[in-house]
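Please read the structure below before turning to the comments.
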Amino acid sequence: MSEQARAIISEVSGHDLDQWLRPSTFTNELEEVNPVSIERSWIAIIAFPFWKPKAYISQSIRGHIHEELTSWMFYRKLAADCSRANVALHGFAMSAKECLIDMEWLEKYLIIRGGRCKPTNIEAPKYEWPDSPVEPVGPCREAFNVQRKLFVDLEKLCTLAEKCQDTAIVNAIESRFLRKHAKHLKNMGDLLQQVTRVSKQPGLGLYHLDAELRHNNGCIPWMSMNDPDIIEEGIRAVSKKISGGLALQTHHEGTKLASKEAGHC
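Residue numbers (the numbering used here): 1 to 265.
Set out below in structure tokens:
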């Protein structure tokens, strides 16, 4: 194992990944919903009466489109590196596809809201997957940072839309992106933690983790545990079973009662 890999493993192991998942925008003031912070958000608009918020939002949406494209190219680079014979791992292709899908959706949404598509130059990713020896911790950490950057950028865009009272954009971002990206960020954090653990004894641990990912079609096996909607679906399933059981019990009791009454007759 290289010294760089040991340093990365030591760094990741010594940090609280839960704090990594909590961006600086998620402050205690925001968490407690302080009304004063909402009033202060209008200071910029009042101070600059000639500011054009709609145009600024349009630029910000394009900015996030740029972030999605940059992330797509980064994930494509990681996926291509994984396919190399010297690495021979499997991953990040689905993340690349999802970034491209999100970019196209947001671009189409920008167009239907009256905006324009103005492509910008995308900087090529400089990160190279280490292959001598194969070290997954660094790439997974970079992937986590990319995913976190997407999430934070969406939060900033949503906050700006709220200041401009553009409810449609707020709803689109929250329903289409934020819920999904929050789960993706947690999944990426879990993957980083697991990769860090297995890399402390390189070779066999990474092989088994890669085999598990391939067995689940490239999806993290425990990703359903990070989905709050699964809890609601589970409650509905249990409620359905309970309701079905009670209905069946009522049916049996009614049948028994009818049999007894028929016997008395």
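Note that beta-carbon positions come from the ideal geometry of N, C-alpha and C, so glycine has one too.
The shortest C-alpha to C-alpha distance from Glu104 to any of Met188, Thr196 and Ile65 is the one to Ile65. When beta bridges are read from the DSSP output, Val134 appears opposite Asp131. In chain order, Glu67 and Ser71 place their CB closer than 8 Å to the CB of Lys149, counting only its own chain and leaving out the 5 sequence neighbours on each side. The C-beta separation of Gly91 from Cys82 comes to about 5 Å, placing the pair in contact by the 8 Å criterion. Counting along the chain, the unbroken alpha helix (DSSP H) around Ser10 starts and ends at Glu3 to Ser13.
Per DSSP, the continuous alpha helix (DSSP H) segment holding His184 begins and ends at Arg179 to Ser199. Out of Leu89, Arg176, Arg179 and Val195, the CA that lies nearest to the CA of Ile8 is found in Val195. Within the same chain, Gln147 come within 7 Å of His184 by CB-CB distance, once the 5 residues on both sides are set aside. Between Met73 and Pro119, the C-beta spacing is not below 7 Å. Distance from the CA of Tyr109 to the CA of Arg76, rounded to the nearest whole angstrom, comes to 24 Å. Listed in chain order, the non-local C-beta contacts of Val170 below 7 Å within the same chain comprise Cys158, Ala161 and Glu162, local neighbours out to five positions each way being set aside.
The distance from the Cβ of Pro136 to that of Ser199 is about 7 Å, consistent with a contact at the 8 Å cut-off. Minimum Cα-Cα distance from Ser10 among the listed residues Leu206, Leu213 and Gln193 corresponds to Gln193. Listed in chain order, the non-local C-beta contacts of Leu106 below 6 Å within the same chain comprise Ile65, local neighbours out to five positions each way being set aside. For the pair Ile122 and Gln201, the Cα-to-Cα distance works out to about 37 Å. Under the three-state reduction of DSSP output, Lys156 falls in the helix class.
For Val170, the enclosing alpha helix (DSSP H) has its first and last residue at Thr167 to Ile173. In this structure, DSSP gives Cys164 a state outside helix and strand, which the three-state scheme calls coil. Going by DSSP, Leu89 is part of no alpha helix (DSSP H) at all; its letter is neither H nor E. In the structure shown, Ile122 falls within a coil segment according to DSSP collapsed to helix, strand and coil. Exclusion of the five residues before and after Leu154 leaves His64, Ile173, Phe177, Leu178 and His181 as the residues of its chain whose Cβ lies within less than 8 Å of its Cβ. With a threshold of 16 other beta carbon atoms within 10 Å, Arg62 meets it and is buried.
Contact annotation, Val134 with Val87: C-beta distance approximately 6 Å; criterion of less than 8 Å satisfied.
By the CB criterion at 7 Å, Ala96 and Ala79 fall inside the cutoff.
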